[in-house]
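Have a look at the structure below, then the notes.
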Amino acid sequence: MLLFINSIAGSEIIVILLFVLIFFGAKSIPGMARGLGKGIRQIKDASQDIQDEIRKTSTDIKRDMNVNRALHDAKNSLEAPVKNFTKDLKDSATEVNNNINGSQKYTPSQSTTETPEDTKIEHKLDQENNK
């Protein structure tokens with residue numbers, strides 16, 4: 033029903049009907065009632081169409097949100113192994129660099145201890161240079 037009918041009392045409806053009967057006459061009341069009925073029906077149909085469109089749109093939005101959530105979950109599931117792989121590569125590279133740097137610290141050219149053979153070779157070289 034229309035919203036304003038709930039606030040109109042029975043005596044007010046009778047006054048409105050008498051007013052219509054006096055001004056428009058008994059012959060035109062059925063035509064006016066049909067026109068009023070058609071108008072109210074069109075308003076109800078339009079409001080129902082709007083409600084249906086809103087429901088459809090909200091359903092589409094919910095479906096899109098579910099798709100977005102699924103895409104986000106898929107993205108996270110794909111990124112996790114890549115991040116782990118990248119971390120493993122970085123750890124391996126760091127370990128290799130540490131091993132390389134560690135082996136360079138202990139090269140024989142940097143050694144301070146001399147073997148007896150080294151001193152013999154140096155002594156021979158000195159003798160040859162002095163000749």
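First residue of the sequence shown? That's 33 in this note's numbering, and the numbers climb one at a time after it.
Glycine is no exception: its CB is placed at the ideal position from the N, C-alpha and C atoms.
Please read these numbers as outputs of a predicted model, since none were measured by experiment.
Requested in this report: Would you list, in sequence order, the uninterrupted beta strand (DSSP E) runs of no fewer than 3 residues that lie entirely inside the stretch 33-80?
Outcome: none
Query - Neighbourhood of I11 by C-beta distance below 7 Å, restricted to the same chain and skipping five residues each side - result: Coverage of the chain is limited to positions 33 through 163, which leaves residue 11 absent and any answer about it impossible.
Query - Complete runs of the beta strand (DSSP E) confined to the stretch 77-138 [at least 3 residues] - result: none
Query raised in the report: Does the distance from the C-beta atom of I237 to that of V52 stay below 8 Å?
Result: In the structure as shown, the chain begins at 33 and stops at 163. Residue 237 is therefore absent and cannot be evaluated.
Requested in this report: Inspect the beta-carbon positions of M64 and F55 and report whether they are closer than 8 Å.
Outcome: no
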